[in-house]
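Residues in the sequence shown are numbered from 8 upward in steps of one, following our numbering.
All residues carry an ideal CB built from backbone N, CA and C; glycine is no exception.
Data block below; observations after.
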Amino acid sequence: MLDPSASALEEVRGVLDQYRSAGYQLGITALHALLCPILLLRHEPEAALEVIEQGLSAANHNSERIFEAELQRLKARALLVCGAPGSKTQAQSLLDQALATARSQHARSLELRAAKDLAALWIGQGRSDDALAFLAPIHAWFTEGFDTHDLKEAKVLLDQLQS
C-alpha cells in the first residue's frame with residue numbers, strides 16, 4: 008500500500024526533480040505514475056491531474072509508452088474524484104483508452120487495473136451485470152499472483168457482483 012504521508016510525497020517529488028535536473032528522460036514516466044496515487048490518497052486530484060499531464064507529455068516526447076495505460080487510468084480516477092460535469096463520460100473514455108493501450112502492449116496487469124476501474128464505474132451506473140461479464144474473464148486469465156493487490160481487489164469486486 009502506498010504511503011500518502013507528506014514525507015513520502017516529498018521523497019517521490021525529490022526523485023522526480025533529480026531526474027529532471029540530471030536530464031534523464033527514460034524512466035521518468037514511472038515516477039509520474041508513482042506520484043499520482045499518492046496525490047489521490049491525499050485528496051489532491053487537481054495536483055494529480057497536473058502530474059498525469061506531465062507524465063503523458065513525457066511519454067509522448069520520449070516514446071516511452073510503458074506507463075501510458077496506467078497514466079490514462081489514473082487520469083480517469085482523478086477526474087472522477089474531482090466530480091466535474093461530464094467526468095464520468097471522460098473517465099469512461101480514458102478507461103477505454105487505457106484498456107486499448109494495455110492490450111496493445113500485452114500488459115495484462117495494467118489491463119486488469121483499467122478493467123477493475125471500469126467495472127467499478129459501471130457498478131455506480133447500475134450496470135452490475137455488464138461489470139461482472141466484463142471483469143470475470145479478465146480476472147480468469149491469471150493463473151498465479153493471487154496475493155497481489157490488484158488481483159485481490161478484482162476478486163473482492165467479483166465476489167460482490169456475484170452475491
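For Ala37 against Leu47, the beta-carbon gap comes to about 17 Å, at or over 8 Å, which does not count as contact. A distance of 9 Å or more separates the beta carbons of Leu78 and Leu102.
Between Ala83 and Ala107, the C-beta gap is not smaller than 9 Å, which leaves the two residues out of contact.
Here Leu128 is not near Lys162, since their CB atoms are 9 Å or more apart. For the set Glu18, Ile73 and Ala126, the Cα lying nearest the Cα of Leu33 is the one of Ile73. In the structure shown, Pro44 falls within a helical segment according to DSSP collapsed to helix, strand and coil. Taking C-beta separations shorter than 7 Å and ignoring five residues to either side along the sequence, the partners of Ala126 in its chain run Ala138, Phe141, Leu142 and Leu164, following chain order. Annotation for Ser12: no alpha helix (DSSP H) segment contains it, and DSSP assigns it neither H nor E. DSSP places Phe141 within a helical segment (H, G or I) once states are collapsed to three. According to the DSSP assignment, Gly131 belongs to the alpha helix (DSSP H) that extends over Arg115 to Gly131. Put simply, of Thr155, Leu41, Ser14 and Ala121 the residue whose alpha carbon is nearest the alpha carbon of Leu23 is Leu41. For Leu101, the enclosing alpha helix (DSSP H) has its first and last residue at Ser94 to Ser111. In the three-state reduction of the DSSP assignment, Thr36 falls in the helix class. Around the beta carbon of Asp166, fewer than 16 other beta carbons lie within 10 angstroms, which makes this residue exposed. Listed in chain order, the non-local C-beta contacts of Arg110 below 7 Å within the same chain comprise Glu118, local neighbours out to five positions each way being set aside.
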